[in-house]
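Structure first, then comments.
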Amino acid sequence: MDKIEHIGIAVENLEASNTLFEKLLGVPHYKIEEVVSEGVKTSFFQSGPNKIELLEATKPESPIAKYLEKKGEGIHHIAFAVEDIISEIERLKDEGFVVLNETPKKGADNKLVAFLHPKGTNGVLVELCQEIKE
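Residue numbers (UniProt numbering): 1 to 134.
Shown next as structure tokens:
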């Protein structure tokens, strides 16, 4: 794992949260993107070397909707940048971690993503992100 790629925050209202985070960080979001397969709309902020991803559910059965229903707004996941997501998934499986999707999926912000089950990471949902090379 190279670095923390971003912190994902589940929100009820993306528009209101964009306004809040723009005031907080002093910069506007640089991208809004919908990931239809996951039932989520995302907004990204860059503050120095750090990125924040806001996540709003677009379907009531989506993982973000379920998270919000159970836990409310707040930090949803921490994402780590990796060079080779396939080999990193294999390494983590060999270490005993439970990978929720062993085949990486296309995520937001031009990334391939996979998630580790939070029961094996002290309650933290960990996302692996690899930049999609075009």
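From the three backbone atoms N, C-alpha and C, an ideal C-beta is built for every residue, glycine too.
Endpoints, the alpha helix (DSSP H) within which A65 is located: P63 to K71
Can L24 and L54 be called in contact, C-beta distance under 8 Å? Result no, Cβ atoms of L24 and L54 do not sit closer than 8 Å.
Cβ contact check for the stretch 33-40 and the stretch 58-65: 3 or more pairs under 8 Å: yes
Indicate whether E5 and K71 have their beta-carbon atoms separated by less than 8 Å. no
Could you tell me which of E83, A79, A81 and E102 sits nearest to E90, measuring between CA atoms? The alpha carbon of E90 has as its nearest neighbour, out of E83, A79, A81 and E102, the alpha carbon of E102.
Euclidean distance between Cα positions of K59 and E73: 16 Å
Exposed unless 16 or more other CB atoms sit within 10 angstroms - verdict on V113: buried
Distance check for H29 and E88, CA to CA, integer angstroms please. 30 Å
Look up N122 in the DSSP assignment and say whether it is helix, strand or coil. coil
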